[in-house]
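J.: The UniProt record's numbering applies: residue 1 is where the sequence shown begins, and numbers increase by one.
C-beta: ideal position from N, C-alpha, C; glycine also.
As the structure is a computational prediction, the values presented were derived from the model and not from experiment.
Okay, handing you the structure first.
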Amino acid sequence: MSELTAEWLRKSCPQIWDSLHDHPFLREMATGTLSLDRFRFYLEQDTMYLREYAKCMALGAARAARVDEVAWLRDSLDNIVDNELPRNEQLLQRVIDLGAADRGGSRGMAPTTLAYTSFLTATAYRGDALDVMTVILPCAISYREIALELVEVIAPDSLYTAWMEFFVGDFYGERLRQMQANFAELAARADDSRRGFLREQFATASRLEVAFWDMAYGCRQWPDLAVPVG
Ligand SMILES: Cc1ncc(CO)c(N)n1
Numbered sequence: 001m002s003e004l005t006a007e008w009l010r011k012s013c014p015q016i017w018d019s020l021h022d023h024p025f026l027r028e029m030a031t032g033t034l035s036l037d038r039f040r041f042y043l044e045q046d047t048m049y050l051r052e053y054a055k056c057m058a059l060g061a062a063r064a065a066r067v068d069e070v071a072w073l074r075d076s077l078d079n080i081v082d083n084e085l086p087r088n089e090q091l092l093q094r095v096i097d098l099g100a101a102d103r104g105g106s107r108g109m110a111p112t113t114l115a116y117t118s119f120l121t122a123t124a125y126r127g128d129a130l131d132v133m134t135v136i137l138p139c140a141i142s143y144r145e146i147a148l149e150l151v152e153v154i155a156p157d158s159l160y161t162a163w164m165e166f167f168v169g170d171f172y173g174e175r176l177r178q179m180q181a182n183f184a185e186l187a188a189r190a191d192d193s194r195r196g197f198l199r200e201q202f203a204t205a206s207r208l209e210v211a212f213w214d215m216a217y218g219c220r221q222w223p224d225l226a227v228p229v230g
């Protein structure tokens, strides 16, 4: 493995990423047929997810070797806390006002949210800034890719357009570009065995992104927290 860049990692697991792009949750968002209940479940779980995601960045900063790595992770953390979390909360209010039913998404972390956040947290406690940057990349890259793809086909001014407009915007695009440049700089110092490990970690986080959409699409909650339809 001669170089380790975000773009290289992204291309290293095409099967997983194809299933992200083909996901029924996202296809139904594009056609406007995704049920509001499912979107509500997604937003409730994603809010719980983002709180842990932000803390994973804070842990990565605490375990960083250099102050520029601290600043990189601080920038990513700022975006989650200042933009993505408040936007999720506003969208959740909108979707509730539109009549979305509670399918148990608000009652606690569903198994997949727990699996994903536990993976991020364990990675941060065990590793350093590079480990954290590797596992947060699939999240950051996939939302940009998904939003850019959907925005081409989605009906304008829908609830789902409101969700994706942040991820297609220049602010997010520039943040992602910066994140990828920072990652390449840090990863250039990793030896081959570490690169192999990071590649696996990237693939795991990518699989968990697919699993997250699966969970939201099926409103999959622990049996005692689930609210059956009807
Ligand atoms: C699960 C998940 N991955 C990535 C993002 C983008 O920040 C998000 N909001 N949620």
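1. Hey, could you find the ends of the alpha helix (DSSP H) N88 is sitting in?
2. Check this for me: beta carbons of W163 and L85, under 8 Å apart or not?
3. Should residue 244 go down as buried or exposed, given a rule of 16 or more other Cβ atoms within 10 Å for buried?
4. Go to D224, then tell me how far its alpha helix (DSSP H) extends in each direction, as first and last residue.
5. Alpha helix (DSSP H) containing E185: first to last residue?
6. Report the CB separation of G60 from A6 in whole angstroms; it is logged as a contact under 8 Å.
7. Where does A64 fall in DSSP's three states?
8. Looking only at its chain, what residues have a beta carbon closer than 6 Å to the beta carbon of Q180, apart from the 5 residues adjacent to it on each side?
9. By Cβ distance below 6 Å, which residues in the same chain neighbour F41 in space, the five residues on each side in sequence not counted?
10. If you draw a straight line from the C-alpha of G45 to the C-alpha of V95, how long is it?
11. Relative to the C-alpha of K55, which residue among T123, D214 and R144 is closest?
12. Ignore the nearest five residues each way along the sequence and tell me which others in S158's own chain have a CB closer than 8 Å to its CB.
13. Rounding to the nearest angstrom, what Cα-Cα distance links L178 and F166 in this structure?
14. Considering only heavy atoms of ligand 1, does any lie closer than 7 Å to the CB of Y49?
15. Under 8 Å by Cβ, that's how I've got S142 and L20 pegged, so tell me the actual separation to the nearest angstrom.
T.: Here's the rundown:
1. L85 to D97
2. no
3. No answer is possible for residue 244: the residues shown for the chain start at 1 and end at 230.
4. Unbroken run through D224: none, as it is neither H nor E.
5. D170 to A187
6. Not really, about 16 Å apart at Cβ, beyond 8 Å.
7. coil
8. A6
9. R103, G105, A216 and C219
10. According to the sequence as given, residue 45 is Gln; it is not Gly. C-alpha separation (whole angstroms): 14 Å.
11. T123
12. G32
13. The question names Leu, yet the displayed sequence has Gln at residue 178. C-alpha separation (whole angstroms): 17 Å.
14. yes
15. 6 Å
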